[in-house]
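Residue 264 in this note's numbering sits at position 66 of the sequence shown, and the numbers go up by one each step.
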Amino acid sequence: MKIFHNPLHAQHAGRQEMYRGRLVPCHEVPDRLDHVLNELQRRPMGDLLTPNAAPERSRLERVHSARYLDFLASAWDQWVAVDPANAALDALPSVWPVRGFRADVEPENFAARMGLYSFDAGTPLMAGTWAAAQMGAACALAAADAVLAGERRAFALTRPPGHHAGPDFFGGYCFLNNAALAAQALRDGGIERVAVLDVDYHHGNGTQSIFYERADVLTVSIHGDPRTEYPFFLGHADERGADDGAGFNLNLPLPRGTNWPTWRATLQRALDAVRGFGAQALVLAAGLDTFEGDPISGFHLRSGDYQQVGADIAALGLPTVVTFEGGYAVAEVGVNAVNLLQGLVA
Ligand code: SP5
Ligand code: ZN
């Protein structure tokens with residue numbers, strides 16, 4: 199398998215996220231990716247490659263709005279322009295347009311713009327965020343291109359993660375939606391029916407939103423029930439898609455505390471939907487925060503279970519792009535990710 203990793207990932211290293219009225223240390227840290235790379239040195243799964251350049255803007259615009267990309271590209275400079283002392287701080291949003299507010303008028307105030315293009319105060323933006331996110335998108339696109347060129351599997355090993363990022367918003371530690379970019383690249387490469395299967399603990403709200411009105415990309419997500427779990431405001435079972443996309447989104451929410459047998463049975467439902475759709479290629483949004491030791495999540499999968507997850511998904515027999523999403527038990531995330539890959543290729 200070809201593995202594209204992001205050489206610029208550590209340029210995105212948030213310091214703090216807002217939690218219960220306090221700023222607490224970020225969970226989404228550079229060490230996460232380094233642990234996966236270390237485990238891949240111990241247990242090689244294929245060629246380790248890096249993209250040579252940021253993606254063409256036109257490929258990002260297939261998934262994200264032009265004004266959102268313009269904002270991300272200039273956000274750090276805008277933040278420092280507000281006050282040069284800001285250069286020593288991360289930027290976090292603190293005000294958002296909710297129901298009834300205007301989202302069509304771009305405010306001049308930087309804090310207001312941050313809120314317009316985001317949905318939480320847990321996703322800090324810093325000097326290297328845009329460079330890191332762009333190179334991460336390049337990894338996802340390179341992985342899709344490799345599959346289009348005939349590889350059975352390719353892995354985009356990158357951070358920041360992507361599945362919470364929507365057409366024009368960041369949040370949930372995500373800025374550019376790597377899984378959606380890969381799925382769109384597969385479509386643009388001529389594959390008619392693409393499925394995205396999201397196994398991160400948190401609902402893949404960004405990916406769902408991007409494809410919600412489309413019948414050519416099936417989105418399926420297994421996740422903690424949004425009635426109690428982040429991102430709270432999307433991911434319910436009755437969200438089935440709209441317009442042309444009606445019937446092409448499947449949410450499988452599970453209660454906090456769900457164990458492996460129940461999770462695996464739910465995975466079979468997800469895989470049945472992918473088969474029923476007649477998918478010709480798969481994007482697997484691989485969050486490892488379903489692990490029992492994850493500090494911010496509530497499922498109880500064990501390290502050994504990830505091999506079976508990979509094997510069950512491999513039984514689809516589909517060309518597959520894997521993107522690295524969540525997983526915050528930093529010391530174990532490398533073993534868990536490589537176990538998943540091992541199951542996929544076995
Ligand atoms: C990609 C991904 O997995 N994003 C998840 C974003 C979750 N953000 C909210 C997490 C709430 C953190 N709670 C802190 C618990 C401290 N013990
Ligand atoms: Zn997650």
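Positions of the beta carbon are idealized from the N, C-alpha and C atoms, including for glycine. Given the structure is predicted, the values throughout are model-derived calculations rather than measurements.
If you compare the alpha carbons of Trp328, Arg241, Pro305 and Leu246 with that of Asp275, the shortest gap goes to Trp328. Scanning its chain for C-beta atoms nearer than 6 Å, with the 5 sequence neighbours on each side dropped, one finds around Ala289 the residues Trp277 and Leu323, in chain order. Scanning the stretch 310-379 from its first residue to its last, the whole alpha helix (DSSP H) runs of 4-plus residues come out as 327-346. Scanning the stretch 265-317 from its first residue to its last, the whole alpha helix (DSSP H) runs of 4-plus residues come out as 308-314. Take Ala413, set aside five residues on each side of it, and the residues of its chain with a beta-carbon closer than 7 Å to its own are Asp442, Gly443 and Phe446, in chain order.
Leaving aside the five residues that flank Val528 on each side, the residues in its chain whose CB is nearer than 8 Å to its CB run, in chain order, Val227, Asp229, Arg230 and His233.
Taking a cut-off of 8 Å on C-beta distances, the stretch 467-475 does not touch the stretch 422-442, as fewer than three cross pairs fall below it.
Using a cutoff of 6 Å, the CB of Gly524 counts as near the ligand SP5, since one of the ligand's heavy atoms is closer than that. According to DSSP, Phe202 shares a beta bridge with Leu247 and Ala354. For Ala341, the closest of Ile201, Arg438 and Ala484 by C-alpha to C-alpha distance is Ile201. Assignment of alpha helix (DSSP H) within the stretch 461-516, counting only whole runs of 4 or more residues, yields 503-512 in chain order. Relative to Ser495, the option among Pro429, Ala463 and Leu538 whose CA is nearest is Pro429. In this structure Ala335 touches Leu379 by the C-beta definition: roughly 5 Å separates them, less than 8 Å. Under the three-state reduction of DSSP output, Thr518 falls in the strand class. Here Gln214 is bridged, per DSSP, to Pro223. Shortest gap from the CB of Ile494 to any heavy atom of the ligand SP5: under 6 Å. A direct Cα-Cα distance of roughly 15 Å separates Ala509 from Val472.
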